[in-house]
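The structure under discussion appears below in the form of structure tokens.
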Amino acid sequence: MRPQNDTGAAEQPQYGLQPMDDRPPGSSEEQADAEIAETPDSGRCWQYGSWPCGSRAQQEAEKKAPCPGLGMFYMLLSAFLFSVGALFVKKVQDIHAVEISAFRCVFQMLIIIPCLIYRKTGFIGPKDQRIFLILRGILGSVSMILIYYAYQSTSLADATVITFSCPVFTSIFACIFLKERYSPWDAVFTAFTLTGVTLIVRPPFLFGSNVEEMDRDYSVHLKGTFAALAHTVFAAVTLVLLRKMGKSVDYILSIWYYVVIGLSECVIVLFILGEWSLPRCGLDRLFLVLIGMFGLGGQVFLTKAIQIEKAGLVALMKTLEVVFAFIFQITFFNKVPSWWTAGGSLCVIASSTGAAIRKWYQSSH
8 MRPQNDTGAA EQPQYGLQPM DDRPPGSSEE QADAEIAETP DSGRCWQYGS WPCGSRAQQE
68 AEKKAPCPGL GMFYMLLSAF LFSVGALFVK KVQDIHAVEI SAFRCVFQML IIIPCLIYRK
128 TGFIGPKDQR IFLILRGILG SVSMILIYYA YQSTSLADAT VITFSCPVFT SIFACIFLKE
188 RYSPWDAVFT AFTLTGVTLI VRPPFLFGSN VEEMDRDYSV HLKGTFAALA HTVFAAVTLV
248 LLRKMGKSVD YILSIWYYVV IGLSECVIVL FILGEWSLPR CGLDRLFLVL IGMFGLGGQV
308 FLTKAIQIEK AGLVALMKTL EVVFAFIFQI TFFNKVPSWW TAGGSLCVIA SSTGAAIRKW
368 YQSSH
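Note that our numbering has the sequence shown beginning at 8, numbered continuously upward.
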């Protein structure tokens, strides 16, 4: 998770897409589910009352106007909770990333089942959307496993920054599969993001053999960064699937497929690898519970932030996850990020920020 990222949302909210409702760049499938979560309904029409439809809706909107800055505060909490969840994944080193994913799916399933029963949406979904729901579940859960593996294999800062390259792949896949426009600005943001990721990965064929001497565990670092990069690809495809389904599928049902298929995947993979084991100490068990709780809490506050705040501001606040990742890495692991990571982070954040500003400018003119 990002623990992160689960209901899959992202997520996710990117400059390549032009969705029906604004989505911030740098998001994953978890954030995409969050955005669909609670779209405000239009004002009710009182045909026989004394209030005209427009004035009634206006009064209700004024009555429910949020406090200034509340959406930003929600986004701050969301970024913090997702970052703490990632920290706990990093701390649980004796449990395989797939097993952590399985525990998170179980935790979310316990929350989702009552929601499905309450909302009376059923457990299967529309017949013409089931194939997309199944694909969403498969790809989304693979994305979750990969990012957990990345958190365990490389630094928090590196893995977190790489996840912000998701909009690059989303815009490309949306152009290919949904025939959405890929503008020159998208190409510029893509170049910035790929430059940042390259600085973080630091492939030896570009940076020379000194890189391997600088990082004694470079092979592990390389596996982690490629896992994070693969996570962004799967998350981007998941976002395109969510965009394809639109609001024809309840977001809770989308999460349901995500956790059910994800749990099944995890059990099968753990059986094949023979990695299943109960946590040895009480602290690891506590971390597993907290991973689920913080992931769910981050998702709730992300949903509330998107409800009441502009997508561009949400995207800018989301970059705080990188700041928290740097702070946690220095504080809890006593590891100062390298200049390569700092430079790569600036490139990726500049790309996400530029995309957010461009989206805000387009929506206000």
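Glycine is no exception: its CB is placed at the ideal position from the N, C-alpha and C atoms.
Residue i in three-state terms, based on DSSP
i	result
Ala291	Reading off the sequence shown, one finds Asp at residue 291, where the question assumed Ala. It is helical.
Thr161	coil
Thr128	coil
Gln314	helix
Val343	coil
Cys74	coil
Ile102	coil
Glu328	helix
Glu272	helix
Val256	coil
Arg188	coil
Leu285	coil
Phe171	coil
Arg209	coil
Pro121	helix
Separation of residue j from residue i, as counted between CA atoms
i	j	result
Ser352	Phe114	32 Å
Phe171	Ile315	23 Å
Leu84	Phe196	27 Å
Phe294	Gln369	43 Å
Ala237	Ile207	15 Å
Phe339	Trp347	21 Å
Val330	Asp135	42 Å
Met79	Leu280	43 Å
Trp58	Arg137	Confidence at Trp58 is low in this model, with a pLDDT of 40, below 50, so its placement is unreliable and the value that follows should be read with caution. For Trp58 and Arg137, the distance between alpha carbons rounds to 42 Å.
Arg188	Ser178	8 Å
Gly92	Leu297	7 Å
Arg143	Pro191	29 Å
Arg292	Ala234	25 Å
Lys254	Val247	13 Å
Ser284	Lys366	46 Å
Pro133	Gly269	20 Å
Gly203	Cys74	37 Å
Thr239	Arg209	18 Å
Glu69	Arg111	Here the model assigns Glu69 a pLDDT of 49, short of 50, so the residue's position is not dependable and the matter cannot be decided.
Val168	Ser271	29 Å
Ala166	Ile154	8 Å
Gly76	Leu140	35 Å
Cys288	Lys186	51 Å
Gly304	Ser90	11 Å
Leu117	Ala194	42 Å
Met252	Val96	31 Å
Met300	Asn341	26 Å
CB-CB length for residue i against residue j, believed under 8 Å
i	j	result
Ile152	Val266	Not a contact, Cβ separation roughly 13 Å.
His103	Glu282	4 Å
Leu146	Val244	5 Å
Ala181	Arg250	7 Å
Chain-order list of residues whose beta-carbon lies under 6 Å from that of residue i (same chain, five-residue window excluded)
i	result
Val105	Ile152, Cys273, Val276, Leu277
Ser162	Gln336
Leu94	Phe335
Ser371	none
Thr200	Ser172, Val175, Val355, Ser358
Gly231	Ala157, Ser160, Thr161
Val149	Phe241
Leu290	none
Gly350	Leu206
Contacts around residue i, its chain only, beta-carbon distance under 8 Å, and the 5 residues preceding and following it disregarded
i	result
Leu123	Gly129, Phe130, Ile259, Leu260, Trp263
Tyr81	Phe308, Leu309, Lys311, Ala312, Ile315, Glu316
Val227	Ser160, Thr161
Arg126	Asp257, Ile259
Neighbourhood of residue i by C-beta distance below 7 Å, restricted to the same chain and skipping five residues each side
i	result
Val343	Ile337
Gly361	Phe196
Pro121	none
Ala86	Met324, Lys325, Leu327, Glu328, Phe331
Lys98	Phe294
Phe184	Val247
Pro286	Ile102, Arg292, Leu295
Phe333	Ala164, Pro344
Gln100	Gln159
Residue i beta carbon near the ligand SAM (any heavy atom closer than 7 Å)
i	result
Glu282	For the structure depicted, the ligand SAM is absent and the ligand set is empty, with no information on it obtainable.
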